[in-house]
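With my numbering applied, the sequence shown closes on residue 519, and no number is skipped along the way.
Here's the structure, in C-alpha cells; my notes come after.
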Amino acid sequence: MRMKEYKYSVFTDKIEEGINKGLLKPEDKLPSVRAIKKEYNLSISSVQSGYDYLVFKGLVTSVPRSGYIVSDRLAEQNLEVELPIIPRDAVFRKKIHLITNPISDTSQTILNEASPSDLFIPQKLVLKTMQEVIREKGASLLRYYPNNGAEELRDLLVKRAGLHGAPIFSDELVVTDGALQALYIALSTITSPNDIIAVESPCVFSILEVIASLKLKTIEIPVRAYDGFDTDYLRKVCATNNIKAIVLTPNFHNPTGILMTEESKKAVYETALYHNVPIIENDVFGCLYFKGSRPSNIRNYDEAGLVMTYSSFSKSLAPGIRLGWLAAGQFFSEAERLKFALGRSVSPINQEVMIKLLQSSAYDKHLRVFRQQLERQALQLVKQLIHSFSDSIHVQLPQGGYCTWVQLPAHIDMNFFYKRCTEEGVQFTPGETFSFTDVYDNCFRAVFSKQLTLHNLEAIRRVGESIL
Ligand SMILES: Cc1ncc(COP(=O)(O)O)c(C=O)c1O
Numbered sequence: 052m053r054m055k056e057y058k059y060s061v062f063t064d065k066i067e068e069g070i071n072k073g074l075l076k077p078e079d080k081l082p083s084v085r086a087i088k089k090e091y092n093l094s095i096s097s098v099q100s101g102y103d104y105l106v107f108k109g110l111v112t113s114v115p116r117s118g119y120i121v122s123d124r125l126a127e128q129n130l131e132v133e134l135p136i137i138p139r140d141a142v143f144r145k146k147i148h149l150i151t152n153p154i155s156d157t158s159q160t161i162l163n164e165a166s167p168s169d170l171f172i173p174q175k176l177v178l179k180t181m182q183e184v185i186r187e188k189g190a191s192l193l194r195y196y197p198n199n200g201a202e203e204l205r206d207l208l209v210k211r212a213g214l215h216g217a218p219i220f221s222d223e224l225v226v227t228d229g230a231l232q233a234l235y236i237a238l239s240t241i242t243s244p245n246d247i248i249a250v251e252s253p254c255v256f257s258i259l260e261v262i263a264s265l266k267l268k269t270i271e272i273p274v275r276a277y278d279g280f281d282t283d284y285l286r287k288v289c290a291t292n293n294i295k296a297i298v299l300t301p302n303f304h305n306p307t308g309i310l311m312t313e314e315s316k317k318a319v320y321e322t323a324l325y326h327n328v329p330i331i332e333n334d335v336f337g338c339l340y341f342k343g344s345r346p347s348n349i350r351n352y353d354e355a356g357l358v359m360t361y362s363s364f365s366k367s368l369a370p371g372i373r374l375g376w377l378a379a380g381q382f383f384s385e386a387e388r389l390k391f392a393l394g395r396s397v398s399p400i401n402q403e404v405m406i407k408l409l410q411s412s413a414y415d416k417h418l419r420v421f422r423q424q425l426e427r428q429a430l431q432l433v434k435q436l437i438h439s440f441s442d443s444i445h446v447q448l449p450q451g452g453y454c455t456w457v458q459l460p461a462h463i464d465m466n467f468f469y470k471r472c473t474e475e476g477v478q479f480t481p482g483e484t485f486s487f488t489d490v491y492d493n494c495f496r497a498v499f500s501k502q503l504t505l506h507n508l509e510a511i512r513r514v515g516e517s518i519l
C-alpha cells in the first residue's frame, strides 16, 4: 500500500480525485512533467515517479513523445462477444440455489448478492415508520387493498416519475410484490410460450428465470461498454425475426452497471416503434446514479404506448419491503387481471409504509447518502480488482447501481479461479449464469452493495495474484 509521505502525492492525489469524480475524462491530456515540477516545486524524478505510480494503477497512460493522458482502459472495455442471431430455448441450466442462498458468515467476502447490506438499509427509519403506520391505520390494514394498489401510493409514484420526465399515469399502474413480479406480469400480458423475445446479454439470472418459466425463446442482444444495449444488433434482430417484446435495463444494467446513452435509448424506442414491438424496461437502479441527475427512462420517449416500465424499492430501500410497480399502459386491464390471479393485492402495511416514506423527505435523504456510499464502494472495488488482477482483466467502472462486470483473459483456468475464490472466501457470481449461451464463462459479476472491509480487499488481492 502507498505511504502518504511520497512527495508526489501532492499532484497524484489531485489527478486521482479528478478521474474518480469524472472531472478528468478518458484521453484528457495531463500536465507535462515540467509543468508539474514548476507548479509543485518537485524534482523531475519525483514527478516521474508520481506518473509511474498512476500508470501502475491503470489510471494514466504514457503516450510516447506526447506525455501522459487519462487512461481509457476503464471506459473502453470491450464487452463484445460472438453472439450469433439465434432464437434460443430459455433452458436455464444453472444451479440457481447456489447463487441465491444468502450467506451469513462474516469472514466471507460477499460480492454476489445484489441486495443492500443491513448497514445500508435505513432500518430504524423503516421500522419506526411501520410502527407509526400500525398505530395510525390499525385494523384497516387487515383488509384487501385495491388490486392495482392504493391510490395514494400510485399518485406518489406518478409524481416521482414526473420529476425526471417519465410520463406515468395513476390509472395504468399496478402495484406488485417486487420488480420480478412486475416483469412476470408484463411479459405474460404480451407473450405466449415459444414466442421470441429480445433480451440484453449478459442479463441478470432472475430475469432469465422469469423468461424460462414463461417458456419463451430468446435472442440475446449484446450490451456494449459505451452505450449499453446494442441498437444496431437489435435492428437486425427485429428485421429478421418476429420479436414479441424487448426486455432491458437501460439504467445501470445488472450485471455490468452500464448506463445507456440518450441516443441509444431513443434508437431502441424508434426500432421498437418501427416494428411495433412492446418494450419492457426495468428501472430498479434508476435512482442510484453516482453523478449528475437521475437518468431518463425509455418511457420518456414513448408516444405510442409501447413501453411498459417497472421498478421496485428492493434495491433502493430494502428487498423485504416487497413492493414494486408496473406502468402497464395499454396492457393495463390484462396486467391488473394477472396481478389478481397472482395473489390479489400487495400487503397493505407495506404500501402504507412506502406512502409515508414518500410523503416525507426521509426516502430522498436516505437515497442521497446511499448513492455516496455506493459510489465509494464501486471505486474501491474496481481499483482493487485492477490492482489485484493486473492489466489483463477488463472491468467496467459503473456509473450507478450495484454491479460491475469483470472479464478475465481467455487462458485463465476458471475452475482454478473459483477454487481459489472458495479458499479465500470470496463470492463472485459466475458469468455463465447471465446468459442462455456459454459466452460469459470467463466473466464474473462483482457486487458492491455490501460493505467492503480491509479483510475483504485483501482476500480479493490474494485471489487475483494467485491466478495470473
Ligand atoms: C435488474 C433486477 N431487476 C429485478 C430484481 C428483483 O427485484 P425485486 O426484489 O423487486 O423483485 C433484481 C434483483 O434480483 C435485479 O437485479
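All C-beta atoms, glycine included, are put in the ideal place defined by N, C-alpha and C.
Grouping DSSP H, G and I as helix and E and B as strand, with all else coil, what is residue 523?
Summary: the structure shown does not reach residue 523, with the chain confined to residues 52 through 519, and so no result is reported for it.
Please give me, in chain order, every unbroken run of the alpha helix (DSSP H) with length at least 4 that falls completely inside the segment 75-105.
Counting only runs of 4+ residues, the alpha helix (DSSP H) found wholly inside the segment 75-105 occupies 84-91, in chain order.
Chain-ordered list of residues that sit, by beta carbon, closer than 6 Å to a heavy atom of ligand 1
Ordered along the chain, the selected set is 165, 229, 230, 231, 255, 257, 300, 305, 333, 335, 363, 365, 370, 375.
Sequence ranges, beta strand (DSSP E) only - wholly within the segment 333-401, length at least 3:
With a minimum length of 3 residues, the continuous beta strand (DSSP E) runs that stay inside the segment 333-401 are 358-363, 375-378.
Residues bridged to residue 299 (per DSSP)
Beta-bridge partners of residue 299 (DSSP): 332.
Can you list, in chain order, the residues of its chain whose CB lies under 8 Å from that of residue 184, leaving out five sequence neighbours each side?
Beyond the five residues adjoining it in sequence on each side, residue 184 comes within less than 8 Å, by CB distance, of 192, 400, 403, 404, 407 in the same chain, given in chain order.
Please look up how many angstroms separate the CB atoms of residue 304 and residue 274, rounded, as I've assumed it's under 8 Å.
Contact annotation, residue 304 with residue 274: C-beta distance approximately 6 Å; criterion of less than 8 Å satisfied.
With DSSP as the reference, identify every bridge partner of residue 290, one or two as the case may be.
Answer is none; residue 290 lacks a bridge partner.
Can you tell me whether residue 253 is buried or exposed, with buried defined as 16 or more other CB within 10 angstroms of its CB?
A residue is called buried when at least 16 other Cβ atoms come within 10 angstroms of its Cβ; residue 253 meets this threshold and is buried.
Candidates 358, 431, 495, 514: which alpha carbon is nearest residue 472's?
For residue 472, the closest alpha carbon among the candidates 358, 431, 495, 514 is that of 514.
In terms of residue numbering, what span does the alpha helix (DSSP H) encompassing residue 254 cover?
Premise fails: residue 254 is in no alpha helix (DSSP H) and is neither H nor E.
Can residue 501 and residue 161 be called in contact, C-beta distance under 8 Å?
Yes.
Nearest to residue 379 by alpha carbon, out of 333, 68, 158?
Considering only 333, 68, 158, the residue with the shortest C-alpha distance to residue 379 is 333.
Report yes if the C-beta distance between residue 453 and residue 499 is below 8 Å; otherwise report no.
Contact flag set, yes.
Which ranges would you report for the alpha helix (DSSP H) in the segment 172-211 if only whole runs of at least 4 residues count?
For the segment 172-211, whole alpha helix (DSSP H) runs of length 4 or above, ordered along the chain, are 174-188.
Could you please give the first and the last residue of the uninterrupted beta strand (DSSP E) stretch that includes residue 504?
Run containing residue 504: none; DSSP gives neither H nor E here.
In terms of alpha-carbon separation, which member of 368, 488, 194 lies closest to residue 422?
Proximity to residue 422 across 368, 488, 194 peaks at 368, based on C-alpha coordinates.
Counting Cβ pairs, one atom from each stretch, are 3 or more of them under 8 Å apart for the segment 434-446 and the segment 227-238?
No: the two stretches stay apart, fewer than three of their Cβ pairs being nearer than 8 Å.
Can you tell me where the alpha helix (DSSP H) with residue 317 in it begins and where it stops?
313-326 is the span of the alpha helix (DSSP H), which, as asked, contains residue 317.
Cβ shell of residue 289 (< 6 Å), same chain only, five flanking positions each side left out
Cβ within range, chain order: 322, 326.
Assuming residue 350 contacts residue 230 under a Cβ cut-off of 8 Å, what Cβ separation, rounded to an integer in Å, is found between them?
Incorrect: roughly 15 Å between the Cβ atoms, too far for contact.
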